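A.B. asks: Counting in the numbering used here, the sequence shown runs from 32 upward without gaps.
Have a look at the structure that comes next, please.
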Amino acid sequence: MIITISNSVLTATIKSLGAELCSLTDQNNKEYIWEGNPNFWGKHSPILFPIVGTLKNNCYQLNGKTYTLLRHGFAREMDFKLLDQVQNSVTFSLRSSEETLKLFPFDFELQLIYTIVDASVIIEYKVINSGDNKMPFAIGAHPAFALPNDFTNYSLAFEKEESLDYHLLENDLISDVTKKIIHHDKQVPLNYTLFENDALIFKKLRSNSITILENQKPFLKVNFEDFPSLGIWTKVNAPFICIEPWFGYSDTVKSSGNLFDKEGIQILNVAETFKSKFSIEILN
Numbered sequence: 032m033i034i035t036i037s038n039s040v041l042t043a044t045i046k047s048l049g050a051e052l053c054s055l056t057d058q059n060n061k062e063y064i065w066e067g068n069p070n071f072w073g074k075h076s077p078i079l080f081p082i083v084g085t086l087k088n089n090c091y092q093l094n095g096k097t098y099t100l101l102r103h104g105f106a107r108e109m110d111f112k113l114l115d116q117v118q119n120s121v122t123f124s125l126r127s128s129e130e131t132l133k134l135f136p137f138d139f140e141l142q143l144i145y146t147i148v149d150a151s152v153i154i155e156y157k158v159i160n161s162g163d164n165k166m167p168f169a170i171g172a173h174p175a176f177a178l179p180n181d182f183t184n185y186s187l188a189f190e191k192e193e194s195l196d197y198h199l200l201e202n203d204l205i206s207d208v209t210k211k212i213i214h215h216d217k218q219v220p221l222n223y224t225l226f227e228n229d230a231l232i233f234k235k236l237r238s239n240s241i242t243i244l245e246n247q248k249p250f251l252k253v254n255f256e257d258f259p260s261l262g263i264w265t266k267v268n269a270p271f272i273c274i275e276p277w278f279g280y281s282d283t284v285k286s287s288g289n290l291f292d293k294e295g296i297q298i299l300n301v302a303e304t305f306k307s308k309f310s311i312e313i314l315n
C-alpha cells in the first residue's frame, strides 16, 4: 500500500512496507528523497527498530537465551497498518506478533506519524511498551537525500561548532579508534573518501540540525533536536547522502551481548510511551 499526503508546498509518498518515506517533492516536482536504485542502495528512508546498526555476531543474550537480530532490526521489512489519514498527515502502526517475538521477546506498538507543515515533513516516532516487563530498544532514522549533481558540489553545515570526532567501524562494530573531520566555518565539504570506511558515527553532537548545501546554497535541513546520536553515510560513487538521527547505535567491539547493558540502549517501563520526532525542511 502506498499513501500520499500533501499541502500546497510539498507532497510525500509513504509505503506501508516499513512505513518508509519514498518520495518528497515540492510544487515544481523536484525530488528530495533518493530513488532507491538497488545498484547502489535499494532503500529510501527506512526505520531502524528495535536496534540501530549491528549486534556483535548478529545476536544478543536475554534471560539466558540467545536471540538473532540482523542489522537495523526488523521494522523496515514489515508491513505497517494504516491507523489514520488526513490530507497532510498519516499514522502507521506495527504491533508485536508471533513473528517479532521470536526475534525480540517484548510486546510493543511502534507508530510512525508523518505530517506536512509548511515546507517541512515531520516524522514522529511512538514506541509503546504493551508488555509486562521493561523493554530495551533502539530506534533511528535513515533518510537518503538525492544529490543529482557532482558529489563534491555539496557540503554539510552543522548548526553549532563541533569537534567532529567520529568512531571507526571494525567488522561493522564501533571501535575505540576515532578520527577527526577537518572543517571550516561549521561546514564539511562532501567527498567520497570520507566514507571509505563506511558510515561516520557520532555518539554525541552539540548541533540540533544539519543543512545540505549545493554550491554553497542551502536547500534542505534535517532538524533532530531530540536525538543524541547521528550517522552520516553514503556508498562510494552513489548520488545520495544519508543523515541519520539515532537513539542508539551498533554494538561496540567490547560489547557483552546483554541487551540491557548495550551502550546507547533505551529502556522503556511497562505501559510507558517513548516519543521523539525529527523533520526534513525544504529551504529553496
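Don't be surprised by glycine CBs; every beta carbon is placed ideally from N, CA and C.
If you're wondering where the values come from, they're calculated on a predicted model, not measured in any experiment.
Among K112, Q116, T85, which has the Cα closest to the Cα of L101?
C.D. replies: Position 70 of the sequence shown, counted from the first residue, corresponds to residue 101. Considering only alpha carbons, the answer is T85.
A.B. asks: Tell me where the alpha helix (DSSP H) around L132 begins and ends.
C.D. replies: Within the sequence shown, the letter at position 101 stands for residue 132. That run of the alpha helix (DSSP H) goes 129-132.
A.B. asks: Is it true that the CB of I272 sits closer than 8 Å to the CB of L221?
C.D. replies: Against the sequence shown, residue 221 aligns to sequence position 190. Against the sequence shown, residue 272 aligns to sequence position 241. Yes; because the gap between Cβ atoms is below 8 Å, this pair is in contact.
A.B. asks: Suppose you measure from the CA of H214 to the CA of L178; what does that come to, to the nearest Å?
C.D. replies: Locating residue 214 in the sequence shown gives position 183, where the first residue counts as 1. Locating residue 178 in the sequence shown gives position 147, where the first residue counts as 1. So the alpha carbons of these two residues sit roughly 20 Å apart.
A.B. asks: Determine the contact status of L231 and F176, defining contact as a CB-CB distance below 8 Å.
C.D. replies: Indexing the sequence shown from 1 puts residue 231 at position 200. Indexing the sequence shown from 1 puts residue 176 at position 145. In this structure, L231 keeps its C-beta atom at 8 Å or more from the C-beta atom of F176.
A.B. asks: First and last residue of the beta strand (DSSP E) that includes P220?
C.D. replies: Counted from its first residue, the sequence shown places residue 220 at position 189. Per DSSP, P220 belongs to the beta strand (DSSP E) from 218-220.
A.B. asks: With three or more C-beta pairs closer than 8 Å as the rule, is the region 246-266 touching the region 275-293?
C.D. replies: yes
A.B. asks: Taking DSSP as the reference, what is the three-state secondary structure of Y63?
C.D. replies: By one-based count along the sequence shown, residue 63 stands at place 32. Coil, per DSSP.
A.B. asks: Which full runs of the beta strand (DSSP E) of 3+ residues lie inside the region 257-310, going along the chain?
C.D. replies: If we require 3 residues or more, the beta strand (DSSP E) runs fully inside the region 257-310 come out as 260-264, 271-278, 297-299.
A.B. asks: Residues in the same chain with beta-carbon distance under 7 Å from G171, minus the five sequence neighbours each way, listed in chain order, please.
C.D. replies: Residue mapping note: residue 171 aligns to position 140 of the sequence shown, counting from 1. Apart from sequence neighbours up to five positions away, the residues of its chain that approach G171 with a beta-carbon distance below 7 Å are L79, V83, E275, P276, W277, F278, G279, ordered along the chain.
A.B. asks: Sort out for me which residues DSSP pairs T209 with in a bridge.
C.D. replies: Locating residue 209 in the sequence shown gives position 178, where the first residue counts as 1. Per DSSP, H198.
A.B. asks: Using a Cβ distance threshold of 8 Å, determine whether the region 144-161 contacts the region 281-296, with at least three qualifying pairs required.
C.D. replies: Contact fails between the region 144-161 and the region 281-296, because fewer than three Cβ pairs, one in each stretch, are under 8 Å apart.
A.B. asks: Just to confirm the assignment, what range does the beta strand (DSSP E) spanning Y156 have?
C.D. replies: Taking the first residue of the sequence shown as 1, we reach residue 156 at position 125. Y156 -> beta strand (DSSP E) spans 151-160.
A.B. asks: Assign T85 to one of three DSSP states: helix, strand, or coil.
C.D. replies: Numbered from 1 along the sequence shown, position 54 holds the residue referred to as residue 85. Three-state DSSP puts T85 in coil, outside helix and strand.
A.B. asks: With 16 as the cutoff for other CB atoms within 10 Å, does T131 come out buried or exposed?
C.D. replies: Residue 131 sits at position 100 when you count from the first residue of the sequence shown. Looking at its Cβ environment, which holds 16 or more other Cβ atoms inside 10 Å, T131 is buried.
A.B. asks: If I follow the unbroken beta strand (DSSP E) through P14, where does it start and stop?
C.D. replies: Not covered by the structure: residue 14. The range shown for the chain is 32 to 315.
A.B. asks: Can you tell me whether N60 is buried or exposed, with buried defined as 16 or more other CB within 10 angstroms of its CB?
C.D. replies: Here residue 60 is taken as the residue at index 29 of the sequence shown, counted from 1. Exposed, because fewer than 16 other Cβ atoms sit within 10 Å of the Cβ of N60.
A.B. asks: Does the pairing of the region 158-171 with the region 297-304 give three or more beta-carbon distances under 8 Å?
C.D. replies: Yes, since at least three Cβ pairs between the region 158-171 and the region 297-304 fall closer than 8 Å, the two stretches touch.
A.B. asks: Using the Cα positions of T234 and V253, report the straight-line distance between them to the nearest angstrom.
C.D. replies: Position 203 of the sequence shown, counted from the first residue, corresponds to residue 234. Position 222 of the sequence shown, counted from the first residue, corresponds to residue 253. At residue 234 the sequence reads Lys, which differs from the Thr that was named. Rounded to whole angstroms, K234 to V253 spans 17 Å at the Cα level.
A.B. asks: Let me make sure I understand the geometry here. Which of D110, N180, E190 has the alpha-carbon closest to that of S127?
C.D. replies: On the sequence shown, position 96 is the one that residue 127 refers to. When each option's Cα is compared against that of S127, the closest is D110.
A.B. asks: What did DSSP end up calling E108 once you bin it into helix, strand or coil?
C.D. replies: Locating residue 108 in the sequence shown gives position 77, counting from the first residue. Helix, per DSSP.
A.B. asks: How many angstroms separate the CA atom of F255 from the CA atom of N246?
C.D. replies: Counted from its first residue, the sequence shown places residue 255 at position 224. Counted from its first residue, the sequence shown places residue 246 at position 215. Approximately 24 Å, taken between the alpha carbons.
A.B. asks: Helix, strand or coil for F182, going by three-state DSSP, please let me know.
C.D. replies: The sequence position of residue 182 within the sequence shown is 151, counting from 1. DSSP places F182 in helix when its eight states are reduced to three.
A.B. asks: What's the gap between the Cα of E51 and the Cα of N88?
C.D. replies: Taking the first residue of the sequence shown as position 1, residue 51 is located at position 20. Taking the first residue of the sequence shown as position 1, residue 88 is located at position 57. So the alpha carbons of these two residues sit roughly 27 Å apart.
A.B. asks: Alpha carbon to alpha carbon, how far is N239 from T209? Give it in angstroms, no decimals.
C.D. replies: Counting from one through the sequence shown, the residue named residue 209 turns up at place 178. Counting from one through the sequence shown, the residue named residue 239 turns up at place 208. Each residue's Cα considered, the two are about 22 Å apart.
A.B. asks: So, is N160 buried or exposed, given that buried needs 16 or more other C-beta atoms within 10 angstroms?
C.D. replies: Numbered from 1 along the sequence shown, position 129 holds the residue referred to as residue 160. The residue in question, N160, is buried, as its Cβ has 16 or more Cβ neighbours within 10 Å.
A.B. asks: What does a CB cutoff of less than 6 Å around I144 pick up in its chain, not counting 5 residues either side in sequence?
C.D. replies: Stepping through the sequence shown from its first residue, residue 144 is reached at position 113. Closer than 6 Å at the Cβ level, and outside the excluded window around I144, lie T122, E155.
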